[in-house]
Amino acid sequence: MGKPVAPSPDSGRAADILTMHRLARGVDGVQALVRWLARRTGCWVGLVDPAGDVQAASPRGYDSDMTTLVADGLRVMRERGLRTFVAGESPGRSGVLLAVDIPGDQSGPVPCGLVLAVVGSDPLGTAAPGDAVPLLGVCWWAKETERTRRRVEIADARGREAVLHLLMSGNVTTAHQIANVLAPRLYDPARFHVVECGVDRRAETIRICAELTGGRAWIVRCPVYSNHVLMVASATPVPADTRPLEAALTAEIEGCAVGTGDALALRDTAAGYEQAFHALAVARGRPERWARFDAALGLPVVAGRHGHAWADHLLAPLTGHVPARAADPDSRTLTDTVRSWLAFSSAATRYMKIHRNTLASRLRHIEALLGLNLERVGDQAKLDLALRITALPRVPDHEPGTVGPALAAPAEDDFDALLRLPAVREWARTQLRPVHEDAPTLETTLRTWLRNDTRLSTTAQALGVSVTGARKRLIRLEQVLHRSLLRAPNARHDLWMAIETLDRGRPGRNV
């Protein structure tokens with residue numbers, strides 16, 4: 150029987166190389182390789198940049214003596230143009246420094262990038278550090294490439310969100326200028342779509358939306374709701390088949406729901422978003438999981454020509470506000486803030502990227518300027534209507550070639566006169582007709598919800614039901630009214646206006 154054959158050094162080295170290749174394929178190959186090298190050599194191991202800063206290292210302590218040894222070695226390598234340097238000035242401690250090649254690096258033969266430093270009693274006791282250098286270079290390059298890709302994605306997402314903000318605030322010209330750089334261009338008119346999907350499926354949803362619209366849509370991750378994708382698509386898209394875009398989206402994206410607004414001009418993007426959001430509330434309760442906005446003439450359009458004087462009067466302290474200090478929010482900032490808050494409530498902090506204390510401070514300032522209590526849904530509704538009216542294009546009070554106003558407008562501060570207009574009363578009846586005809590028993594729930602300033606807990610208490618029971622009734626109302634009630638932006642302001650309008654002729658029944 151022969152003697153057992155001792156493993157050759159080459160076989161051990163081959164095993165080390167295989168281990169290193171396996172580690173390099175992990176999530177963080179750089180850190181895994183550095184830690185393994187430290188265990189294999191019994192030394193401190195680190196990746197050091199030209200400034201001497203450690204970018205990745207083994208857990209073992211990096212003391213001042215090591216810092217001096219590595220810094221001196223880097224200096225000598227730079228001065229002499231070396232790729233490898235061995236330092237052994239301290240008894241029992243030496244170090245080896247190896248230049249790491251990064252794929253695509255054009256710095257030339259003199260090391261200008263990362264250096265692998267191995268410091269300990271016997272850093273040259275194994276060939277592992279030299280074999281690890283090429284793998285470390287590839288892993289570092291892959292890591293930096295991924296970081297760059299993420300930075301580009303974040304920058305692109307923020308640019309797209311900025312364009313959406315511009316569209317929502319009516320700055321269409323600037324939005325076009327930025328969109329033409331980022332691509333695709335904006336189409337006018339357009340439809341707003343809100344796609345509700347899983348939080349972890351937004352990237353896939355964006356890809357499918359781009360494919361189905363043929364690159365004719367501006368697609369944004371919603372800054373307020375983490376499971377929403379927003380899409381401003383051409384009103385005349387080029388679909389892959391004859392199905393509506395909404396049906397194609399729900400067929401391709403499992404479990405999603407889609408709400409779509411009317412075809413509108415880009416300057417009306419904010420209205421399109423609200424329409425799509427209301428349609429989404431309806432889509433959640435339908436088997437097909439998609440719905441289009443049930444168009445009805447909006448109150449600002451109905452009352453706009455008559456209501457401009459009233460709206461201007463109400464908003465005058467805000468629109469004419471001049472801050473006492475340059476650092477204080479000006480009229481435009483306060484107006485944008487309250488628009489966002491009326492639409493998104495407390496989530497306006499995410500939409501505007503401001504702190505909640507900043508939001509609260511601005512709202513208190515707006516309340517003081519306008520003499521309103523924004524805790525009350527009635528005051529919210531008046532302010533919301535005034536802002537929407539002033540956002541409409543101004544229409545002359547008389548037709549060209551005629552003398553004098555064609556229509557008599559109400560007094561500037563006469564809210565009652567505005568609500569008594571026949572067109573406004575007809576609008577109110579249209580809004581509430583589904584409740585009166587299809588679900589009259591839910592009118593009490595609607596009135597109680599509005600009377601309690603849309604607070605779910607106090608609404609449930611007033612109705613004598615649980616919070617869950619009150620929520621179920623409001624979900625039913627969403628399906629009847631085809632409007633969102635439980636999530637902002639919701640229809641609380643329009644519904645308050647509708648009930649208030651009809652109740653003005655019924656003494657004692659005001660909300």
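If you read the sequence shown in our numbering, its first letter stands for residue 150, the second for the next number, and so on. Virtual Cβ for every residue (Gly too), placed ideally from N, Cα, C.
Exposed or buried, which one is residue i when buried takes at least 16 other CB atoms within 10 Å?
{"i": "S243", "result": "buried"}
{"i": "R127", "result": "With the chain covering only 150 through 660, there is no way to say anything about residue 127."}
{"i": "P278", "result": "buried"}
{"i": "T322", "result": "exposed"}
{"i": "V471", "result": "exposed"}
{"i": "G269", "result": "buried"}
{"i": "E345", "result": "buried"}
{"i": "R604", "result": "exposed"}
{"i": "S606", "result": "exposed"}
{"i": "D214", "result": "exposed"}
{"i": "S375", "result": "exposed"}
{"i": "G550", "result": "Reliability of the predicted coordinates at G550 is poor, the pLDDT of 39 falling under 50, and no value is obtained from them."}
{"i": "E395", "result": "buried"}
{"i": "K531", "result": "buried"}
By the DSSP assignment, the alpha helix (DSSP H) with residue i in it spans what residues?
{"i": "E310", "result": "277–317"}
{"i": "R582", "result": "571–587"}
{"i": "V498", "result": "According to the sequence shown, residue 498 is Thr rather than Val. That run of the alpha helix (DSSP H) goes 497–501."}
{"i": "G421", "result": "418–432"}
{"i": "S510", "result": "505–519"}
{"i": "L273", "result": "Taken as a continuous stretch (DSSP letters only), L273 belongs to no alpha helix (DSSP H), as it is neither H nor E."}
{"i": "G527", "result": "526–540"}
{"i": "D563", "result": "Per DSSP, D563 belongs to no alpha helix (DSSP H) and is neither H nor E."}
{"i": "T399", "result": "394–401"}
{"i": "R350", "result": "From DSSP, R350 is part of no alpha helix (DSSP H); its letter is neither H nor E."}
{"i": "A328", "result": "321–331"}
May I ask which residues mark the beginning and end of the beta strand (DSSP E) holding residue i?
{"i": "F341", "result": "339–345"}
{"i": "L196", "result": "193–197"}
{"i": "V249", "result": "Here V249 belongs to no beta strand (DSSP E), and DSSP marks it neither H nor E."}
{"i": "V203", "result": "203–206"}
With DSSP collapsed to three states, give me the class of residue i.
{"i": "E649", "result": "helix"}
{"i": "V176", "result": "coil"}
{"i": "V614", "result": "coil"}
{"i": "V660", "result": "Because V660 carries a pLDDT of 44, less than 50, the predicted location of this residue cannot be relied on, and the following value inherits that uncertainty. Of the three classes helix, strand and coil, the one that applies to V660 here is coil, per DSSP."}
{"i": "G237", "result": "strand"}
{"i": "A555", "result": "With a pLDDT of 41 at A555, under the threshold of 50, the predicted position of this residue should be treated as unreliable, though the coordinate-derived value follows. Three-state DSSP puts A555 in coil, outside helix and strand."}
{"i": "R188", "result": "helix"}
{"i": "R441", "result": "strand"}
{"i": "G731", "result": "The shown model of the chain, from 150 to 660, leaves out residue 731, and the question about it has no answer."}
{"i": "L126", "result": "Because the chain here runs from 150 to 660, residue 126 falls outside it and cannot be looked at."}
{"i": "V373", "result": "coil"}
{"i": "A382", "result": "strand"}
{"i": "D602", "result": "coil"}
{"i": "R171", "result": "helix"}
{"i": "G161", "result": "helix"}
{"i": "G410", "result": "strand"}
{"i": "I368", "result": "strand"}
{"i": "V471", "result": "coil"}
{"i": "R242", "result": "strand"}
Residues in its own chain within less than 6 Å of residue i by CB, not counting five upstream and five downstream?
{"i": "V552", "result": "Residue confidence is low: V552 scores 36 on pLDDT, short of 50, so the model does not pin down where it sits. Its coordinate-derived value is still stated next. Excluding positions up to five away in sequence, the list is empty."}
{"i": "M380", "result": "H342, C358, A366, I368"}
{"i": "E423", "result": "P638"}
{"i": "G308", "result": "L331"}
{"i": "V235", "result": "V245"}
{"i": "L231", "result": "none"}
Measuring CA to CA, which of the options is closest to residue i?
{"i": "G404", "options": "A332, A420, W439, T603", "result": "W439"}
{"i": "V249", "options": "Q204, G274, D271, L218", "result": "Q204"}
{"i": "T484", "options": "D214, A476, R600, T468", "result": "T468"}
{"i": "H462", "options": "G161, Q610, L273, F564", "result": "F564"}
{"i": "G364", "options": "L246, E345, P333, R392", "result": "P333"}
{"i": "V287", "options": "L182, R351, L313", "result": "L182"}
{"i": "T190", "options": "A276, A425, R300", "result": "A276"}
{"i": "T608", "options": "I166, L635, L167", "result": "L635"}
{"i": "L284", "options": "L581, G175, D305, T354", "result": "G175"}
{"i": "L398", "options": "E353, V373, L167", "result": "E353"}
{"i": "T335", "options": "D349, G347, N320, V348", "result": "The sequence shown places Leu at residue 335, rather than the Thr named in the question. Nearest C-alpha to L335: N320."}
{"i": "R622", "options": "L591, D652, P466, L599", "result": "L591"}
Excluding the 5 residues preceding and the 5 following residue i in the sequence, name in chain order all residues of the same chain whose CB lies nearer than 8 Å to its CB.
{"i": "G201", "result": "T216, V219, A220, L223"}
{"i": "L534", "result": "L448, P449, A452, G456, A460, H642, M646"}
{"i": "D602", "result": "E524, R525, V526"}
{"i": "Y211", "result": "W193, G195, V203"}
Measuring only between beta-carbons, confirm whether residue i sits less than 8 Å from chain B.
{"i": "A266", "result": "The displayed structure is made up of one protein chain only, and chain B is not part of it."}
For residue i, I'd like the list of residues in its chain whose CB is within less than 7 Å of its CB, leaving aside the five on either flank, ordered along the chain.
{"i": "A164", "result": "none"}
{"i": "D337", "result": "A414, L415"}
{"i": "A187", "result": "W193, V194, S207, R209"}
{"i": "L612", "result": "T594, T597, A619"}
Is the closest heavy atom of the ligand NAD to the C-beta of residue i under 7 Å?
{"i": "R474", "result": "Although the ligand NAD was asked about, the structure shown includes no ligands whatsoever."}
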